[in-house]
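See below:
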């Protein structure tokens, strides 16, 4: 995108949690975002492409991307089969005219899915024209004595809406929970992701770079972007301090090279979208959340440079 074309700046529905998806569309419209990324999770609207399409029309805000249900709390959304979940995410993107699907690398315990993941991603991109951008992650760690139950993640249904809420809060703090069997047996130095939290180790056609995840993993985000090269198709803009939790701070409030990364996108020919995936759950009033998301949008636009 070296021709001066505007790089769209979108808002993730995760950025307005605990508000439902409609809150993201409303704020995106009010604040001047270019679109929305829909994270598919426990919110029923996020799971319903027709409902999302109605929101996009109502607020006149396009869907830029669909985040496939990859979290531990979404192992039963759409299907218990991760292959079908990813296929459904791509079908949702087609329905919503979204260019991109964001997906995490497989967990190691998803053996069949992990074995076929690379071929599946390539097949979906070839067959649909949708960009399936694999996201960099970070080491998943257990949390003391807290646990999901007696079985590994994905082996049983979610217990309640309260459980979903608690777990989503844990995710947004970067503290993904692991079942007791896995915690007791999982080697502490082995990544929970296959083959690693860094998708460039496996090699894919398309990538999502998440700066908050890079902070948790103590990964140099600029070097990661360099390794991704022309495959960098989507950016999750947030910040972090290197703490052992996924902070999703507003850009500029941590120590990640958010500004430097943004300034380098246009010269590199980047042709994707930048999406704010930040944590505003402590906002005490709608006006406070709106102010934070305005700050984030202005940061992105400033460092992406003029059109």
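Residue numbers (the working numbering): 1 to 307.
Where is the CB? At the ideal position from N, CA and C, for every residue including glycine.
Listed in chain order, the beta strand (DSSP E) runs fully inside the region 236-303 are 273-276, counting runs of at least 3 residues. Under the 10 Å beta carbon count, residue 5 is surrounded by fewer than 16 other beta carbons and is classified as exposed. In the three-state scheme derived from DSSP, where H, G and I count as helix and E and B as strand, residue 83 is classed as helix. In the three-state scheme derived from DSSP, where H, G and I count as helix and E and B as strand, residue 192 is classed as coil. Residue pairing from DSSP places residue 134 in a beta bridge opposite 103, 207. If you compare the alpha carbons of 257, 218, 192, 273 with that of residue 232, the shortest gap goes to 273. DSSP places residue 21 inside the alpha helix (DSSP H), whose first and last residues are 21-31. DSSP links residue 12 through a beta bridge to 37. When secondary structure is reduced to three states using DSSP, residue 71 falls in the coil class, being assigned neither helix nor strand.
Nearest neighbour of residue 110 by Cα position, chosen from 21, 300, 100, 81, turns out to be 81. No residue range can be given for residue 60, since it is assigned to no alpha helix (DSSP H) and is classified by DSSP as neither H nor E. Here the region 51-58 makes no contact with the region 257-277; the two share fewer than three CB pairs at distances below 8 Å.
Around the beta-carbon of residue 136, 16 or more other beta-carbon atoms lie within 10 Å, marking it buried.
In the DSSP assignment, the residues bridged to residue 65 are 37, 100.
According to DSSP, residue 234 shares a beta bridge with 208, 273. The region 241-252 and the region 105-125 do not touch, with fewer than 3 CB-CB distances between them shorter than 8 Å. Rounded to the nearest angstrom, the Cβ distance from residue 193 to residue 108 is 7 Å, consistent with a contact under 8 Å. Note that the C-beta distance between residue 36 and residue 20 is not below 9 Å.
Cα atoms of residue 296 and residue 130: separation of roughly 27 Å, rounded to the nearest angstrom. Under the three-state reduction of DSSP output, residue 5 falls in the coil class, being neither helix nor strand.
Within the model, the alpha-carbon separation for residue 124 versus residue 97 is close to 15 Å. Spanning the alpha carbons of residue 27 and residue 68 requires a straight line of approximately 22 Å.
Straight across, the Cα-Cα distance linking residue 94 with residue 132 is about 12 Å. In the displayed model, residue 18 falls within coil according to three-state DSSP, outside both helix and strand. For residue 213, the secondary structure class from DSSP, reduced to helix, strand or coil, is helix. Selection 50, 197, 134, 25 evaluated against residue 234 yields 134 as nearest (Cα-Cα). Here the alpha carbon of residue 127 sits roughly 27 Å from the alpha carbon of residue 13. Cβ atoms of residue 240 and residue 215 come within 8 Å of each other, at about 3 Å. Counted as a single uninterrupted DSSP element, the alpha helix (DSSP H) harbouring residue 121 occupies residues 111-128.
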